[in-house]
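*Asks:* In the working numbering, the protein residues as written are -14 to 506.
From the three backbone atoms N, C-alpha and C, an ideal C-beta is built for every residue, glycine too.
Note that this is a predicted model, so its numbers are computed, not measured.
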Amino acid sequence: MKRIVFAAVAALLIGGPLGAAESMWEGCGSDAAEAKLRLAENIQTKVDSEFVSDKSSIDFYGLSNLFFSETSHRMKQTSTVVLQDVQIEPKDETYCESRTGRLGGCYCASVSKESLFSFTKSLKEKVLAYDLAALPAYEKQKVIKLKEWLDEMRYARSLMSVYPDRFSAREFKAMEQMEKRLLDSREQYHAQFVKIAIIGDKAELRVDGKVVQPDTELFLKPGKHHYEVSSKQSCPAEGEFELLKDTDRILTVDLSTQRYPTILISSNKMAAVTLEIDGKRMAAGTRHTIPRCSGDIRYTLSYRDAGNTQTEGEVVHLKPGLEVEESYTFYSEKEMAEMRKLAGSFADGERIEILYGYSYLPDDILGYDESYEGIQMVQLNYMHTRKWLRHGYGIAYGTSGEADASYELVYSLAIQLSSIGANNRPLHLGTWVSIVPFIGLQAGLGSHQYYIDASQSTLKTFRKEATEEEDDFVRDHVIARVYGGVDLAFNAYMSLQLYAKKNFTMEENTIFGAGLSLKLP
-14 MKRIVFAAVA ALLIGGPLGA AESMWEGCGS DAAEAKLRLA ENIQTKVDSE FVSDKSSIDF
46 YGLSNLFFSE TSHRMKQTST VVLQDVQIEP KDETYCESRT GRLGGCYCAS VSKESLFSFT
106 KSLKEKVLAY DLAALPAYEK QKVIKLKEWL DEMRYARSLM SVYPDRFSAR EFKAMEQMEK
166 RLLDSREQYH AQFVKIAIIG DKAELRVDGK VVQPDTELFL KPGKHHYEVS SKQSCPAEGE
226 FELLKDTDRI LTVDLSTQRY PTILISSNKM AAVTLEIDGK RMAAGTRHTI PRCSGDIRYT
286 LSYRDAGNTQ TEGEVVHLKP GLEVEESYTF YSEKEMAEMR KLAGSFADGE RIEILYGYSY
346 LPDDILGYDE SYEGIQMVQL NYMHTRKWLR HGYGIAYGTS GEADASYELV YSLAIQLSSI
406 GANNRPLHLG TWVSIVPFIG LQAGLGSHQY YIDASQSTLK TFRKEATEEE DDFVRDHVIA
466 RVYGGVDLAF NAYMSLQLYA KKNFTMEENT IFGAGLSLKL P
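1) Can you give me the C-alpha to C-alpha distance between residue 166 and residue 211, rounded to a whole angstrom?
2) Less than 8 Å between C-beta atoms, sequence neighbours within five positions excluded: which residues of the same chain meet that for residue 221?
3) Mind listing, in chain order, the continuous alpha helix (DSSP H) runs of no fewer than 4 residues lying wholly within the stretch 84 to 156?
4) Figure out for me which residue from 266, 362 and 84 has the closest Cα to the Cα of residue 13.
5) On the DSSP bridge list, what partners appear for residue 481?
6) Can you check which of these residues, 481, 468 and 463, is closest to residue 490 by C-alpha distance?
7) For residue 400, which residues in the same chain have their Cβ closer than 7 Å to its Cβ, ignoring the five residues on either side in sequence?
8) On a CA-only basis, which of 417, 9, 495 and 290 is nearest residue 476? Give me that one, please.
9) Looking at C-alpha atoms only, which residue of 307, 21, 204 and 294 is the closest neighbour of residue 315?
10) Can you check DSSP and say which residues form a bridge with residue 488?
11) Excluding the 5 residues flanking residue 505 on each side, which residues of the same chain have their C-beta closer than 7 Å to its C-beta?
12) If you measure between the beta carbons of residue 397 and residue 383, is that distance less than 8 Å?
13) Distance, Cα to Cα, residue 15 vs residue 80?
14) Drop a sphere of 10 angstroms on the beta-carbon of residue 147, count the other beta-carbons inside from all chains shown, and report buried for 16 or more, exposed for fewer.
15) With H, G and I counted as helix, E and B as strand and the rest as coil, what does DSSP make of residue 332?
16) Using beta-carbon positions only, say whether residue 113 and residue 185 come within less than 8 Å of one another.
17) For residue 71, write down the residues that DSSP places opposite it in a beta bridge.
18) What's the gap between the Cα of residue 246 and the Cα of residue 228?
19) Just to check my reading of the structure: residue 485 and residue 403 have Cβ atoms closer than 8 Å, yes? What is that Cβ distance to the nearest angstrom?
20) Kindly indicate which three-state DSSP category residue 303 falls into: helix, strand or coil?
21) In angstroms, rounded to a whole number, what distance separates the CA positions of residue 371 and residue 272?
22) Taking the alpha carbon of residue 492 as the point to measure from, which residue in 435, 499, 231 and 482 has its own alpha carbon closest?
23) Quick check on DSSP: helix, strand or coil for residue 361?
24) Using the three-state DSSP reduction, which class does residue 404 fall into: helix, strand or coil?
25) Which of helix, strand or coil does DSSP assign to residue 239?
26) How long is the line joining the alpha carbons of residue 232 and residue 125, rounded to whole angstroms?
27) Hey, residue 238 and residue 282 are a contact pair by Cβ (cut 8 Å); roughly how many whole angstroms apart?
28) Check whether the Cβ atoms of residue 437 and residue 391 sit closer than 8 Å, and answer yes or no.
29) Which residue comes first and which comes last in the alpha helix (DSSP H) that contains residue 22?
30) Using a 10 Å radius around the Cβ and a threshold of 16 neighbouring Cβ atoms, would you call residue 123 buried or exposed?
31) Rounding to the nearest angstrom, what Cα-Cα distance links residue 151 and residue 74 in this structure?
32) According to DSSP, is residue 30 helix, strand or coil?
33) Taking DSSP's pairing of strands, which residues face residue 428 in a bridge?
34) Whole angstroms are fine: how far does the CA of residue 94 sit from the CA of residue 72?
35) If you draw a straight line from the alpha carbon of residue 104 to that of residue 98, how long is it in whole angstroms?
36) What's the C-alpha gap between residue 488 and residue 356?
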C-alpha cells in the first residue's frame, strides 16, 4: 500500500500569513495548480490506495496430489476531501518575488483560517462518530473501509495540529483513542484469503493448527502458513503455502492419491487357500485396506493338499494410494502327477521326430539374387531321451522351387529340461500342456542347392571362395550348427516341436521349423 504522507502543516506554512491579513493562509506558484499545491497538498487531497497481487511460491513436501491456482485482484479506493472557499488570483511580479523568490508573475491560492477551522472541526466530529459495528460484513470490504477511516482520521489530526490552541487536550486524546480503536480493529482483518478445496473423502482441514471449513475463504496475514488434511479413509496430506499481501490463493488437495494402501490376493484354489496379512488371517479374494501409510508388511498365501503345503507371498512397502493385486496358481498332487506324466515321456525312451524347416538364402553370399527361392526341408529323426539328455540320428530332404537337390545326414546331441526342482515339476501351461525346452549341437554331411524357376539356374557357391580345392568339400558339404527349441506335450505320446537352427558352415544362415515328436511304445 502506498505510504500516505500528510503534509498539511508544511504545505500551509509555505504560503504563510498574508501580511496584515493574518486571517488567511496562502500559497503561490507559477500556475493555479501549483498555487493550490503550495497552499496545502493535504488540504485539498486525494488518497489512493491500491492492492496489487504479486507471485509467490508454494512448498509441496513431495506430494504429487497438490495443485493450485492464483486469484489476483486489484481494488482501488479513493476518498476525496475538498476544502471549500479556496480563492485563486494572479499577482504582480513584486508580490510573487516576495512569496516565491522567483521573478515573474504568479498565482496565489488562499483560504480563510476560520473556514479551514470550521472544516477541521466538522471533520473531527465525523471521525469521532465512526461506528465499528457499521463495518461491512465481507472482510475485504472491512479492510477497505477501515483504511478509508484511518486515512481520514490522520488527515483530521494533521489539520487539528494547525490549530493547537483551539482544540483541547481532551479532543486530541479522543482522536488518539479513536485511531487506536481503528488500528486494533484493522489488525483483526486481512485483505487476502486462501481457499482450500478437498477432492475425495470427507476430511478435516487444519490451517496453522486450527480446524477450518474446506472450500471457504480463510483470511490470513501475509506470510507462510501450514495446512493438514486428515480423513478416516486416507493418509494425511500436508504442506505449506505463502500468502502475499492482497493476493488470494486457491488450493486443491486430491485425497484419491492419499488413500490407505489396499491388498487383494486371489488364487485358482480359492476354496482351499489361507491368507495371512501382517500375521492376521484374512479372506482371499477380498480387497483389504491397510490403515498404515508407511513401513513394510508381509502377506502369505498357503495351499495344502495331500499333506503337502505350497506357500507364496512377499513383502509390500506401504505408501499412500498403493494398490496391490496378485493372483497365484497352485496345483494339487493329482494335477502335478498328470503334468509329470506328460513330461515323463521325455525322461526315458525313444521318439520319432517328423519336422519341417525353411532355410532362406542370405543376401551376402557369392552370386546372390533375390529371385532364388529358399529351401523347404522335411526331416526324420530317431532320438533317444533320458531325463537331461536327448541324442540321435536324422535324415532330411529338401527342395528349392522345382530343384530336388538338397539333403542332410546329421547327428544331434542336446540338453533338455523334462523337469525342474526337487519335486520334479515340469514347466507347463495350466495342467494340460507340459513344456520341455532343449538346446544342443548338430553335425553331419549335406548339400544345399538354391534354385530360380524362371531361368532353371542353381546356386552352389556360398559366402567365400575356396583357397584350395579340398576346402570346397568342407565349405559346401560339412554341417555344423547349434539348435534349440521346445516340445509342447499334449499327452504322453505326442508333442508339438518348435525349433530354430543356426549354421556355422555352408551358407551360414538360420533355419526355422516345426513338427511332431512321437513316443515309441
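*Replies:* Result, derived from the coordinates:
1) Counted from its first residue, the sequence shown places residue 166 at position 181. Counted from its first residue, the sequence shown places residue 211 at position 226. Each residue's Cα considered, the two are about 30 Å apart.
2) Residue mapping note: residue 221 aligns to position 236 of the sequence shown, counting from 1. Result list for residue 221: 213, 214, 215, 243 and 278, in chain order.
3) 98 to 113 and 124 to 145, all fully within the stretch 84 to 156.
4) The residue labelled residue 13 in the question sits at position 28 within the sequence shown. In terms of Cα proximity to residue 13, the closest of 266, 362 and 84 is 84.
5) Indexing the sequence shown from 1 puts residue 481 at position 496. According to DSSP, which records beta bridges pairwise, residue 481 is partnered with 473 and 501.
6) Here residue 490 corresponds to residue number 505 of the sequence shown, with the count starting at 1. Taking each of 481, 468 and 463 in turn and checking the Cα distance to residue 490, the smallest one comes out for 463.
7) Locating residue 400 in the sequence shown gives position 415, counting from the first residue. Cβ within range, chain order: 373, 374, 423, 424 and 425.
8) Against the sequence shown, residue 476 aligns to sequence position 491. Answer by Cα proximity: 417.
9) Working through the sequence shown from its first residue, we reach residue 315 at position 330. The option with the nearest alpha carbon to residue 315 is 294.
10) For the purposes of this step, residue 488 is taken as residue 503 along the sequence shown, with counting starting at 1. Under DSSP, the beta-bridge partners assigned to residue 488 are 466.
11) Here residue 505 corresponds to residue number 520 of the sequence shown, with the count starting at 1. Hits under 7 Å: 334, 335, 336 and 337.
12) Locating residue 397 in the sequence shown gives position 412, where the first residue counts as 1. Locating residue 383 in the sequence shown gives position 398, where the first residue counts as 1. Between residue 397 and residue 383, the CB-CB gap reaches or exceeds 8 Å.
13) Position 30 of the sequence shown, counted from the first residue, corresponds to residue 15. Position 95 of the sequence shown, counted from the first residue, corresponds to residue 80. Distance from the CA of residue 15 to the CA of residue 80, rounded to the nearest whole angstrom, comes to 13 Å.
14) Mapped onto the sequence shown, residue 147 falls at position 162. Classified as buried, residue 147 has 16 or more neighbouring CB atoms from the shown chains inside 10 Å of its CB.
15) Here residue 332 refers to the residue found at position 347 when the sequence shown is read from its first residue. Residue state, collapsed to three classes: coil.
16) Counting from 1 along the sequence shown, the entry for residue 113 is found at position 128. Counting from 1 along the sequence shown, the entry for residue 185 is found at position 200. It is not a contact, given that the beta carbons lie outside the stated cut-off.
17) As a first step, residue 71 is located in the sequence shown; it is residue number 86 there, counting from the start. None; residue 71 has no bridge partner.
18) Sequence index remark: in the sequence shown, residue 246 carries index 261 (1-based). Sequence index remark: in the sequence shown, residue 228 carries index 243 (1-based). If I take the Cα positions, the gap works out to 34 Å.
19) Here residue 485 is taken as the residue at index 500 of the sequence shown, counted from 1. Here residue 403 is taken as the residue at index 418 of the sequence shown, counted from 1. Between residue 403 and residue 485 the Cβ distance is about 20 Å, and since that is not below 8 Å, they are no contact.
20) If you number the sequence shown from 1, residue 303 lands on position 318. Per DSSP, reduced to three states, the secondary structure at residue 303 is coil, with no helix or strand assignment.
21) Residue numbering aside, residue 371 sits at position 386 when the sequence shown is read from its first letter. Residue numbering aside, residue 272 sits at position 287 when the sequence shown is read from its first letter. Going by C-alpha positions, residue 371 is about 47 Å away from residue 272.
22) As a position in the sequence shown, residue 492 is number 507, starting the count at 1. For the residues 435, 499, 231 and 482, the minimum Cα distance to residue 492 belongs to 435.
23) For the purposes of this step, residue 361 is taken as the residue at position 376 of the sequence shown. In the structure shown, residue 361 sits in a strand (DSSP, three-state: E or B).
24) Here the question's residue 404 lines up with position 419 in the sequence shown. Residue 404 carries a coil assignment under DSSP once its states are collapsed to helix, strand and coil.
25) Taking the first residue of the sequence shown as 1, we reach residue 239 at position 254. Shown here, residue 239 sits in a strand according to DSSP, grouped into three states.
26) As a working note, residue 232 is residue 247 in the sequence shown. As a working note, residue 125 is residue 140 in the sequence shown. Answer to the nearest angstrom: the Cα atoms are 11 Å apart.
27) Taking the first residue of the sequence shown as position 1, residue 238 is located at position 253. Taking the first residue of the sequence shown as position 1, residue 282 is located at position 297. With a Cβ gap of about 26 Å, residue 238 and residue 282 do not count as contacting.
28) Looking up residue 437 in the sequence shown gives position 452. Looking up residue 391 in the sequence shown gives position 406. Contact: no.
29) Residue mapping note: residue 22 aligns to position 37 of the sequence shown, counting from 1. Bounds of the alpha helix (DSSP H) holding residue 22 are 17 to 24.
30) The residue labelled residue 123 in the question sits at position 138 within the sequence shown. Residue 123 counts as exposed, since fewer than 16 other C-beta atoms from the protein chains shown sit within 10 angstroms of its C-beta.
31) In the sequence shown, counting from the first residue as 1, residue 151 sits at position 166. In the sequence shown, counting from the first residue as 1, residue 74 sits at position 89. In this model, residue 151 and residue 74 are separated by some 29 Å (Cα to Cα).
32) Walking along the sequence shown from the start, residue 30 turns up at place 45. Any reading at residue 30 is ruled out, since the residue's pLDDT is 34, under 50, leaving its predicted position unreliable.
33) As a working mapping, residue 428 is identified with position 443 in the sequence shown. DSSP links residue 428 through a beta bridge to 396 and 465.
34) For the purposes of this step, residue 72 is taken as residue 87 along the sequence shown, with counting starting at 1. For the purposes of this step, residue 94 is taken as residue 109 along the sequence shown, with counting starting at 1. Spanning the two alpha carbons is a distance of roughly 5 Å.
35) Here residue 104 refers to the residue found at position 119 when the sequence shown is read from its first residue. Here residue 98 refers to the residue found at position 113 when the sequence shown is read from its first residue. Rounded to whole angstroms, residue 104 to residue 98 spans 10 Å at the Cα level.
36) Here the question's residue 488 lines up with position 503 in the sequence shown. Here the question's residue 356 lines up with position 371 in the sequence shown. Taking the straight line joining both Cα atoms gives about 22 Å.
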